[in-house]
Structure formats: C-alpha cells, structure tokens
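Protein sequences, first through last, are from chains A and B.
So that you can map any letter, position 206 of the first sequence is 206 in the UniProt record's numbering, and since no number is skipped, the others follow by simple counting.
So that you can map any letter, position 234 of the second sequence is 234 in the UniProt record's numbering, and since no number is skipped, the others follow by simple counting.
One structure is given here, and the rest of the page talks about it.
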Amino acid sequence: MNADLRTRLGSLRLPNPVVTAAGCAGSGRELAQFFDIGEIGAVTTKSLMLEPRAGRPAPRMAETPSGMLSTTGMQGPGVDVFLQRDLPWLLSRGGRAIVSIAGSSVGEFGELARRVSEAEGVGAIEVNLSCPNPADPAGRHFADDAAQAATVVQTVRSHARSDVPVLAKLAADVPDVVELAGACVGARADGLTMINTLRGMSVDTRTLRPAVAGGMGGLSGPAIRPLAVGCVFRVHEAFPEVPIIGVGGVRTGTDVLEFMAAGASAVAVGTVNFSDPSACTRVLREFTEALDARGVSRVSDIVGAAHRAGAGV
Amino acid sequence: MSDNGPVQTRCPVLNVRRVDAYYAITVVAPGIAERFRSGQFVSVAVGGDHSSTLLRRPFAIHDVKPDYGGTVEFLFAVRGSGTAWLAERRSRDLLDVVGPLGRPFPLPRDPVNCVLVGGGSGSAPLFPLAQSLRRRGCRVDFVLGAASADRVFSAITARRIAETAAFTTDDGSFGTRGRVTDVLGKVIEEARSDAVYACGPMPMLRAVTQVAGGHGIPVQVAVEETMACGIGICMTCVIPVVGEDGITRMVRSCVDGPVFRGEQVRFDDVGTIPFDALGAPGWKGTGASLAAESARDIA
Ligand SMILES: Cc1cc2nc3c(=O)[nH]c(=O)nc-3n(C[C@H](O)[C@H](O)[C@H](O)COP(=O)(O)OP(=O)(O)OC[C@H]3O[C@@H](n4cnc5c(N)ncnc54)[C@H](O)[C@@H]3O)c2cc1C
Ligand SMILES: Cc1cc2nc3c(=O)[nH]c(=O)nc-3n(C[C@H](O)[C@H](O)[C@H](O)COP(=O)(O)O)c2cc1C
Ligand code: FES
C-alpha cells in the first residue's frame, strides 16, 4: 500500500508534505547533487533581501547538544540575482518554490512581495518575521510585536499577486505565539510556518567568550523540536482551518508524523540537511513507511490527529 | 546525482592506526576515491544515527588507493568529542562519509618547482598533492612545522617523496626551532621555487603568503574554517576573498575553497565583514558589480 501524500497550503498543492526550511537548503542547487529536488514537496529558499548582503562576521556557528547556534546575518545575493539565476534553475529541475522574503522595513517587505510574486512559478511567499526591526530602538524582531507582524503580513498580502499564498513565519520566543498567529491570520496570512530559530547563546569555556560573533545566535536542530511541536499544537487548536508548515528539529519520518498529528499540513527539514544532505528524501521515505505501517491511506487524515479524542492508529 | 560531484556513502572502516600524535583512518569508499583530487576533503558523521553531536567533522583526504575497490584515508588529531569517537572506531564499523568536497589544488601545466608547506594536521593533504606534482615532472620540496616533534606528520614519507624536506617545531624538539616561515625563504631560494602550496592554521597561511609574495611567486592556500554543512548551504564558513574583478566577497570556504590563491584571501580581515565587501553594511552596489556577481555565479 502507498498512502496518498498530497497536501495543500492554501491554493498551493504539493505532491507530498516534506519541504526544506528557509536558509537550510540554499535554493536547492547543492542538495540536488544528492537527490532529485523535484521529488520533495517544495524548496523553501533562503530569505531574500532587496540588496546583496554580506551577513555577519565569523565565527558564525557553534555546535550545541542536539543542535547548533548560528548567526549568518541573512547573507545573500539580493532579489535580482535570485530571480534571474536561482529561481529559473529550481523550476527547470521540476522543483516547487516557496520563496522566503526578509525586509529591513515594512516598505521593503512590500517591494519584495511585489517583485517575487510577479515572477513566474512562485508557489508561495513566506514572510520571515524574525528580522530585526530597525525602527525599534531595542532592535527587536518584527515577530516580537504582534501588531508590527500584522502590518508586515498585511503589506505583503496587498503587494503580492492574489493567487500566490502568503505564509507568515512565526518565532516562538515571543510573549504569546497564539496571539502572534492570530494577528497574522487577521492580516490575511494564508498559512503559517513555525517555528524559526530561538535566540540563545553558547560560551566557549576555553576563552570564556561567546562562541559566535555578536554573542547571540539562533538555536536550531532536534533540541527545539518539542517546543516547535507544542507551538503547532496550540496554534492549530486556535485556528484549525489555517494551514501550517511545521519546522524545528525534524530528523526522521516519525518526526513528520508528530508535527502533522499536532496540526501541520507540511513539514520542513532544516538543520538536519547539514548533517545529512540526503535527509529530505530519507525523511520522506521513512514517513511513507510510517504511514503504511499504521494503515493510513491519506496524509490529510492525520493532520491534527493529536487533537482528537481517542486518537492513534 | 552527478558524475563528479560529492557522494554520501556508508563505508566500512578498514583500519584505524596511530601515526605520531595522530590517528589515520582508512575507509572503503570507491565513489569518493575515484572522484578525488588533492586538496579535497570529506565530512564524517560522528556519534551514530541518534547522536546529539549533530554536525559532521571535516577532514582533508590524505590518500586514496585502488585497494578493495577504492579506499580513502584521512588523518586526525583528537580535539573534542567527535574526534574522540572516531578514534574508537574499529575495522568493519560503518562510517557515514560525504565527499570529495571542495575545490582541489590547481596543478601547474608545466613542470615547475613547488614548495609544499604544512602546519600540524595541515600536512595531510600535501602528500597526495606531492605525488600529483611529481607525476607532472615538478620538483617538490617540503617544509613541515608543528608544535612539537610528535605533531610533525610523516617526516619519513616527506623525505622520501621530496627533493628536500625541512622541519620546524615551536619547542625545537625536531628540526629547526621556530616557525615554517623562518626557513621557507631559504628553501624557496635554494630550490628556485616557482610556486608555494600551503595548508594549516590561518595565521600560518597569512605568514606563508607574505613570504611567497616577497619572493614574487604565487601561493595556493587551503584554509580550515569551521563548517556546519561542508556542501555550501549553511553559509557559516565564509571568509573575505578578493575576486579577479577586484571586488571582495564573503565566500564559502567549503565550496569556493578550501583552496584559494593566497593573495586573494584578506587574512587581516578574516573574522570581520570588510567595509568594502559586496553587500557589507552601507555598501552601494553599482549596476556593473551586480552584473559581475550574477555572471560569475551563473558561469
Ligand atoms: C576543510 C577542513 C579540513 C580539515 N582537515 C583536518 C585533518 O586533515 N586533520 C585534522 O586533524 N583536522 C582537520 N580539520 C579540523 C577538524 O575538522 C577538527 O579537528 C574536528 O572537526 C574537531 O572535531 P571534534 O568533535 O573533535 O571537536 P569539537 O571541538 O568538539 O567540535 C565542535 C565543532 O567545532 C568544529 N571544529 C572544531 N575544531 C575545528 C577546526 N580546527 N577546524 C574546523 N572545525 C572545527 C567541529 O567540526 C564541530 O562542528 C579540518 C577542518 C576543515 C574545515
Ligand atoms: C544556518 C541557518 C540559516 C537560516 N536562515 C533562515 C532564513 O534565511 N530565513 C528563515 O525564515 N529562517 C531561517 N532559518 C531558520 C530555519 O528555517 C528553521 O526555521 C529553524 O532552523 C528550525 O528548524 P530546524 O531545527 O529544522 O533547523 C535558518 C536556520 C539556520 C540554522
Ligand atoms: S560549511 Fe555550510 S556553507 Fe560552507
């Protein structure tokens, strides 16, 4: 038996629910050396900014228990190079693209949304709300303030082509993730992606200095999975109709099952691509086997299963 | 998925042995052995499938042989948890290895005189390079340095392969007391060297580049920057490098390197974002340099 793996995120239809996480797969080119990029649900591309960006100084990463801290500072070539070079390449390989955007102001988010959605073949736009808001004196992220996040999502929605779904990517280290989700849904997000990395620090015990430049880094990897699953569960409970991409420490096929049961319609593989460049296809295969072993015939049947009384198969 | 790109394989360990202060591990990995060119590296998963040690460890390839269909050898020093785990592997254990990764050392077209300079475990990739150079009729001279005698890797092999081999140690326990750069100038002059190849810690590469520059000869350096993925997707391994067009870019040392032309690496700015780097804060892109960026990357 082979389960029907098709899933939907608003109007975006995917052949299966395994996608890559933004910033953890480039635009698919490097991973395509290890597997056929058209086989997975979609590639979420690295967050794009308007201009080329050099990012933060090194050291940019430190290994932590079951995870890592990173601070790449959104290094990238800018939207023009992406649209000219990376997107056509991905589409030519049969890949589906969820394009992540990161503005340094609300206006920039709008401009990015307009340019990206004008391009042919963009499956969805993901709004990275974990960018520092320069208008905020404390340098907090857009996601730290639900009203600010809503403004960004609303601006993106009004600048993007109406047939391109807009997904708001939430942070979990905020006062109330359900409130943040509600604000984004209220601002007409078609779906939610959660979660982004969590702000953390690791101190090098040899030098007694922070292990990554700038001190704080983003924590990712299996270490954050229970937190991510918890966020998906709570937000799905509050907004059962809103499609969710679950992200955070996915390493195996059963991790996908876990996220989907909590309420995700698709699941992204992030940091684990670094440790296993074939992770996406391996996870997809393990997930299919896990569904078969449980006699599940349609992947949509398990979405939110953990919320139902007497769940389990 | 491609004929010359890296592959990921689960390969049996043939043996693990002590070599001076290092461990040498040989694995059966035909796919990696047949693609390998000197200067490239492998990345190895450590701790088992459910390990909390998530990231791979990169190691320069020290040798490939046709035995058992194709074996790959790398050399490592025990530094932390990952290398300690590797040191405990036994023959027939399986290792998850990705490789060969990175850009190899470019080889000269004509038979010229080359000095190979290695620091500590940075000597490892120089041995297959020496063999390739010798096959092309090049003269090879070695300068190997380390903290102490037991960290000078394979002095005997170096003497056997090369025309001359000079050694330096920080504590004077073997060869000349001091740094590789203390003897490099003399070796370049006596061997009438045309080119330098170097691998080791960043400060050493910087000093070697200065010496080579002082003698007006080109130098190729292999850097060892910390890497989370080794395949070009995480952007954690960047260093500032000046392109042919004079523009500095933060490039990935795993896929755009690890081998660079020494003069192009901005050693003094490693660990920073130089103000004039493409995309640095306040950087104003001109149409021309943007076009250059996209053209370079499309090519
Ligand atoms: C291209 C390349 C080639 C290398 N070749 C060799 C080699 O041939 N022989 C050898 O002994 N060593 C080599 N190194 C260094 C080697 O990767 C580290 O010694 C090793 O990763 C340490 O792992 P650990 O778990 O013991 O240490 P930990 O300190 O526990 O590792 C923690 C993290 O830091 C990273 N890290 C630690 N030290 C280094 C280092 N010096 N360079 C890069 N990353 C580091 C690890 O990969 C890991 O992600 C190379 C590094 C690079 C980038
Ligand atoms: C090196 C690195 C770069 C990232 N870059 C981005 C990015 O550009 N945009 C974004 O929305 N999230 C980015 N993320 C966050 C991931 O998409 C993901 O939300 C997070 O890492 C949690 O998933 P994981 O545990 O599977 O990695 C990045 C994460 C890492 C580790
Ligand atoms: S190590 Fe990931 S990009 Fe170089």
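Where a beta carbon is used, it is the ideal one built from N, C-alpha and C, also for glycine.
Check, Outcome
"Smallest Cα separation from M202 of chain B: which of B:F260, B:L184, B:E34?", "B:F260"
"Would you mind giving the Cβ-Cβ distance between I156 of chain B and L31 of chain A, rounded to the nearest angstrom? I have them listed as a contact below 8 Å.", "Contact doesn't hold; Cβ gap of about 42 Å is too wide."
"Does G99 of chain B come out as helix, strand or coil in the three-state DSSP assignment?", "strand"
"Kindly indicate the opening and closing residues of the beta strand (DSSP E) around P12 of chain B.", "7-19"
"Answer yes or no: the CB of M202 of chain B versus the heavy atoms of ligand 1, is any distance below 7 Å?", "no"
"Sort out for me which residues DSSP pairs G67 of chain A with in a bridge.", "A:T64"
"Is DSSP giving Q75 of chain A helix, strand or coil here?", "coil"
"Just jot down, in chain order, the residues whose CB lies closer than 6 Å to any heavy atom of ligand 1.", "A:E63, B:F41, B:L55, B:R57, B:P58, B:F59, B:A60, B:F74, B:L75, B:F76, B:A77, B:R79, B:G80, B:S81, B:G82, B:T83, B:S121, B:A124, B:E224, B:E225, B:T226, B:M227, B:P258"
"Check the Cβ of residue 317 of chain A against every Cβ in chain B and list those closer than 7 Å, keeping chain order.", "This structure cannot speak to residue 317 of chain A, because chain A is shown only from 1 to 313."
"Tell me whether the beta-carbon of L167 of chain A lies closer than 8 Å to the beta-carbon of A181 of chain A.", "no"
"Helix, strand or coil for A150 of chain A? Go by DSSP, reduced to three states.", "helix"
"Tell me, please, which residues DSSP counts as bridged to A277 of chain B.", "B:T248"
"Would M235 of chain B pass as a contact of G55 of chain A if the rule is Cβ separation under 8 Å?", "yes"
"Excluding sequence positions up to five away, which residues of its chain have a Cβ less than 8 Å from the Cβ of A280 of chain B?", "I273, P274"
"Decide yes or no for the touch test of the stretch 91-105 of chain B against the stretch 27-36 of chain B: beta carbon pairs closer than 8 Å, at least 3 of them.", "yes"
"Which residues in the same chain have their Cβ closer than 6 Å to the Cβ of R10 of chain B, if we skip the five residues on either side of it in sequence?", "L94, D96"
"Distance cutoff 8 Å, beta carbons only. Does A77 of chain B sit that close to anything in chain A?", "no"
"Do you know offhand how far P137 of chain A's Cα is from L170 of chain A's?", "21 Å"
"Can we count C237 of chain B as close to ligand 3, meaning its CB is less than 7 Å from some heavy atom?", "yes"
"With a 10 Å radius around its C-beta and 16 neighbouring C-beta atoms as the bar for buried, classify P57 of chain A as buried or exposed.", "buried"
"Give the residues of chain A in contact with V98 of chain B, contact being defined as C-beta atoms less than 8 Å apart.", "P277"
"Classify P226 of chain A: buried if its beta carbon has 16 or more other beta carbons within 10 angstroms, exposed otherwise.", "exposed"
"Whose Cβ in chain A lies nearer than 9 Å to the Cβ of A228 of chain B?", "R60, M61, E63, M68, S70, T271, F274, S275"
"Quick one, which residues of the stretch 265-276 of chain B are near chain A if we go by CB-CB under 8 Å, in chain order?", "V270, G271, T272, I273"
"Taking 6 Å as the limit between beta carbons, can you name the residues of its chain near T197 of chain A, skipping five residues before and five after?", "G218, L219, S220"
"Measure from the alpha carbon of A113 of chain A to the alpha carbon of each residue in A:I40, A:D255, A:V79, then state which is nearest.", "A:V79"
"Shortest alpha-carbon distance to A124 of chain B belongs to which of B:E73, B:T181, B:H215?", "B:E73"
"Looking only at C-alpha atoms, which of B:T164, B:S173, B:T169 sits nearest to K186 of chain B?", "B:T164"
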